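Have a look at the structure below before the remarks.
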Amino acid sequence: MRIVGSLIFLLSAAGYAQAAPMQAEASRGAAEGAVGASAITAIKVSNVPEEYKIARKMKLRVLSQSLVTQDRSYDVLNCLDKSGKPRELWFDISSFYPGSLGAQ
């Protein structure tokens, strides 16, 4: 529960961008928008149910889920916000997804 609370705090903080390993990525991430809006600002999670909890806390309605493999593995939730506007929510699942470069 503490992890989810911390994530919600981070998601609500204005201008928050997840730290990227390279300065160039950090700059691009800030330019691309909110946390979870792209692979660069993907939210790190430890399991799939956590993704849906975060989406619910953000008041998003999940329509579908996709697996995207780039430099890491990501789940992308295709959602609708309160006003019906489409939104993608990106999650970094490399810590637990089999075959990911980051999985242990």
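Read in order, the letters of the sequence shown are residues 11 to 114 in my numbering.
Using N, Cα and C, we set each Cβ at its ideal position, and we do this for glycine too.
Source: prediction; values computed, not measured.
Rounded separation between residue i and residue j - CA only
i: Phe106; j: Gln80; result: 16 Å
i: Ser76; j: Ser83; result: 11 Å
i: Glu60; j: Ala49; result: 17 Å
i: Tyr62; j: Val72; result: 8 Å
i: Ile64; j: Ser74; result: 15 Å
i: Arg97; j: Thr51; result: 14 Å
i: Gly46; j: Lys92; result: 17 Å
Residue i vs residue j beta-carbon contact at 8 Å
i: Asp102; j: Lys54; result: yes
Reference residue i; option with closest CA among the options
i: Lys67; options: Lys95, Leu99, Ser104; result: Leu99
i: Ser78; options: Ser104, Ala44, Val45; result: Reading off the sequence, residue 78 comes out as Val, not Ser. Cα-wise, what sits closest to Val78 is Ser104.
i: Gly94; options: Ala44, Leu87, Leu70; result: Leu70
Chain C within 8 Å of residue i, Cβ atoms only
i: Lys63; result: The chain labelled as chain C is not found in the depicted structure, where only one protein chain is given.
Buried or exposed by the 16-neighbour rule on C-beta atoms within 10 Å, applied to residue i
i: Leu87; result: buried
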